[in-house]
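A short worksheet on the structure shown next.
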Amino acid sequence: MNSIIPGTMMAGVRALAAALLAAGLAACGPTTPERAEKPAPLVFPSPPDEPRFVYERTLRSSIDVDPLSKESELRLMLTGEATTAEGLVKPYAVAVHQGKVYVSDTVDRFVKVFDFPNRKYYKIGDDDREPLAKPLGIDVDSAGNLYVADATRKYVMVYDASGKFARKIGGPKSFERLSSVTVDPEGNRLYVVDIGGVTSDQHQVQVFDAKSGNHLFNIGKRGGELGEFNLPRDLAVGKEGRLYVVDGGNFRVQVFDHDGKPIKAFGKVGKQPGQFSRPKEIATDPQGNVYVADAAFGNFQIFDPEGELLMFIGDRSEREAPAKYLLPAGIAVDEDGRVYFVDQWFRRVDVFRPAAIKENEGYLGRAIYPPEPKAEKK
Amino acid sequence: MRIMVKRIAATRWKFPGSMGAISVLLGALGIFVASGSSYSDIRNTKHNLAQMHPEMVVKDEKDICIFCHTPEGAAGQAPGWARVSAGAGFVQYDDIGRLGRAGSRAVGSTSMACLSCHDSTQAIGVMTFSYDHPVGVPYPGTFPGYAPMSGSGAPASLTVGVPRRFDFRPAQVATVDNRKVFWVPTPGGAVGTRLRSDLPLYTRESPDGEIPYIECTSCHDPHAETRTFLRVVEGGGGICLACHDK
Chain E
0 MNSIIPGTMM AGVRALAAAL LAAGLAACGP TTPERAEKPA PLVFPSPPDE PRFVYERTLR
60 SSIDVDPLSK ESELRLMLTG EATTAEGLVK PYAVAVHQGK VYVSDTVDRF VKVFDFPNRK
120 YYKIGDDDRE PLAKPLGIDV DSAGNLYVAD ATRKYVMVYD ASGKFARKIG GPKSFERLSS
180 VTVDPEGNRL YVVDIGGVTS DQHQVQVFDA KSGNHLFNIG KRGGELGEFN LPRDLAVGKE
240 GRLYVVDGGN FRVQVFDHDG KPIKAFGKVG KQPGQFSRPK EIATDPQGNV YVADAAFGNF
300 QIFDPEGELL MFIGDRSERE APAKYLLPAG IAVDEDGRVY FVDQWFRRVD VFRPAAIKEN
360 EGYLGRAIYP PEPKAEKK
Chain B
0 MRIMVKRIAA TRWKFPGSMG AISVLLGALG IFVASGSSYS DIRNTKHNLA QMHPEMVVKD
60 EKDICIFCHT PEGAAGQAPG WARVSAGAGF VQYDDIGRLG RAGSRAVGST SMACLSCHDS
120 TQAIGVMTFS YDHPVGVPYP GTFPGYAPMS GSGAPASLTV GVPRRFDFRP AQVATVDNRK
180 VFWVPTPGGA VGTRLRSDLP LYTRESPDGE IPYIECTSCH DPHAETRTFL RVVEGGGGIC
240 LACHDK
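In the order they appear, the protein sequences are chains E and B.
0 is the number of the first residue of the first sequence in numbering that gives the first Met the number 0; add one for each residue after it.
0 is the number of the first residue of the second sequence in numbering that gives the first Met the number 0; add one for each residue after it.
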């Protein structure tokens, strides 16, 4: 195992064991523990401000989606047999489609799927002929096709809704240093971000026809002016088809119209609210608000479509806890406004629910708490 | 002039700018630095993220520092949905090696500073190597003033769960700003005074008191012009034998 931090590695295993034991104890309890003693919900922003988001859950491994594996894992654990629970090793980006949560893992070289509607966990990318080498940014279109930016192979790999390899776009001649891919909701256009690297000039967004794979046009070049990039990193399609690009080396988000014409930029370097230090991935919600992850701050900031700061969620911490982060990276917002936020260090994805919906609402909510009265509910 | 990475040996010189300019910057960073400390020219390295194209010469080295040392920033935006206490600013990891010392609000080691970029996107990821050196773990060597327990030669808490497969050279320790500062002297280093060429260790609290940790920056100096930013480049065994005894 080529971990840089044996200590943390072990801590991870211990955390898993603790989670399993906790789950075991709860399952043995006489009452339905879920309703019994729930800690007060963690809301953001904190009172007295009006709550907008509620921390809902954390995804770490197969046991978080597959209750059967949870039981068998527990048994294995208690009988001292080796565990086979699969966890995230170094998660980077996240994408969500109707309750299916896709997470790219740069060390394990797979995209891992927490498929809540089907209550199963599986991996994408172990195709013998077309294996993933280093999956970074990922996205899903509304039909459920998955697009993966593979930094090593320098292709955008495309998988159908069942996870089968479909085709690949681009290639080493097209990209210098691939970092992310975004597809518009209709699955027509593909926006591929080339971060370039320090000694390259190829810092740009390349636009492809998602179906044919044909290159359409490029946006930007290296520089600091409006419409230029220094180490661009990720893109999100927002209100009215606008493109929001994280321009990391210029510490800002640039806004373009659908055809790549620059409109404006917001943010600058600094530690104050609305500023950026190590901005990573970006996402937009159904209202068009813009979410930007920052690895240095250990948070994500939420802006309105014009770039006015609304709020932020997250704090740095060396101790694992909900909404506490050390090296966050990927972010996604699903159809219902739930936010999924990845921490590379703590190897997990935190899920925040908009305060306006209940835990059993939305794709994820309905998958986890199916609407019919359940037999198991005593 | 073409600014590219020069893989040259450890020649070190002061920034072309005056010490004054650096002090101003460091003042802004809230760092105290003993006069006379010198850096190599970061503009000639891969850590010059401000090079916009090969012909461009970065005039002001501060333009490079901000990529790693985030300035406090002028007034931020007031978030529309939340009241926040103004001015405090977001907390970051330790970007100057002063974790836990008076005045440091940092959360996370200098290794986090490296990993915030070295995540496989803009800079090479570090976990894909066939071999990665541990960081964020205590340095098991002894240091002056420490009374070894149980004959193991290292504080008990340092050996718990750590198989001693290696022997380590003793670390040095001094007190700066009321806190212990640890380092491993490199050959030719003086005892009791830390030199720039020594390998820094990073202080953390433990039940045994303040103890030294190894981080990425123990081996790499992100400002250096050396190959792969290593603090020690030449010699048999190179950097490894500075800490490992065999």
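Quick reminder that beta carbons are idealized off the backbone N, C-alpha and C, glycines included.
Under the 8 Å Cβ criterion, the region 320 to 333 of chain E counts as touching the region 265 to 284 of chain E, having at least three qualifying pairs.
With respect to the C-alpha of residue 291(E), the residue from 246(E), 317(E), 150(E), 335(E) having the closest C-alpha is 246(E). The beta carbons of residue 232(E) and residue 192(E) sit about 6 Å from each other, so the pair counts as a contact at 8 Å. In this structure, residue 142(B) sits near residue 181(B), with a CB-CB distance shorter than 8 Å. In chain order, 115 make up the part of chain B whose C-beta sits under 7 Å from the C-beta of residue 294(E).
Between the beta-carbon of residue 63(B) and that of residue 268(E) there is about 12 Å, and that puts the pair past the 8 Å contact cut. Remark: C-beta atoms of residue 57(E) and residue 348(E) approach each other more closely than 8 Å. At least one CB of chain E lies nearer than 8 Å to the CB of residue 89(B). Here DSSP, grouped into helix, strand and coil, assigns residue 100(B) to coil.
Between residue 215(B) and residue 230(B) the beta-carbon gap is near 11 Å, outside 8 Å, which marks them as no contact. In this structure, the straight-line span from the alpha carbon of residue 229(E) to that of residue 168(E) is close to 24 Å. When C-alpha distances from residue 200(B) are compared across 68(B), 42(B), 118(B), 138(B), the shortest belongs to 138(B).
Residues 60, 61, 120 of the same chain have their beta carbon placed closer than 7 Å to that of residue 85(E), with the five preceding and five following residues left out of the count. In the DSSP assignment, residue 217(E) forms a beta bridge with 205(E). Per DSSP, the unbroken beta strand (DSSP E) holding residue 165(E) starts and ends at 164 to 169. Residue 271(E) belongs to the set of residues whose beta carbon lies under 8 Å from a beta carbon in chain B.
In the DSSP assignment, residue 110(B) falls within the alpha helix (DSSP H) that extends over 109 to 116. The beta carbon of residue 227(B) is closer than 8 Å to those of 219 in its chain, skipping five residues each way along the sequence. In this structure, 135(E) is the residue among 135(E), 202(E), 222(E), 225(E) with its C-alpha nearest to the C-alpha of residue 181(E). For residue 47(B), a Cβ of chain E is located within less than 8 Å of the residue's own Cβ. Proximity of chain B to residue 310(E) at the Cβ level (cut-off 7 Å) is accounted for by 78, 80, 81, in chain order.
Annotated as proximal: residue 88(E) and residue 346(E), with beta-carbon spacing under 8 Å. Within the same chain, and ignoring the five residues on either side of residue 96(E) in sequence, the residues whose Cβ sits closer than 7 Å to its Cβ are 139, 143. Of the other Cβ atoms in all chains shown, fewer than 16 fall within 10 Å of the Cβ of residue 163(E); this residue is therefore exposed. Secondary structure at residue 120(E): strand, using DSSP grouped into helix, strand and coil.
Per the Cβ contact rule, the region 299 to 306 of chain E is not in contact with the region 93 to 106 of chain B (fewer than 3 Cβ pairs under 8 Å). Counting the other Cβ atoms within 10 Å of the Cβ of residue 113(B) gives 16 or more, which makes it buried.
Nearest neighbour of residue 311(E) by Cα position, chosen from 39(E), 40(E), 99(E), 50(E), turns out to be 50(E).
One finds 268 in chain E with Cβ atoms closer than 7 Å to the Cβ of residue 65(B), taken in chain order.
Selection 270(E), 248(E), 241(E) evaluated against residue 263(E) yields 241(E) as nearest (Cα-Cα). Under the DSSP assignment, residue 362(E) falls in the alpha helix (DSSP H) whose first and last residues are 361 to 367. Residue 203(E) is outside the set of residues whose beta carbon lies under 8 Å from a beta carbon in chain B.
For residue 240(E), the three-state secondary structure derived from DSSP is helix. Straight-line spacing of the CA atoms in residue 42(E) and residue 80(B) works out to 13 Å.
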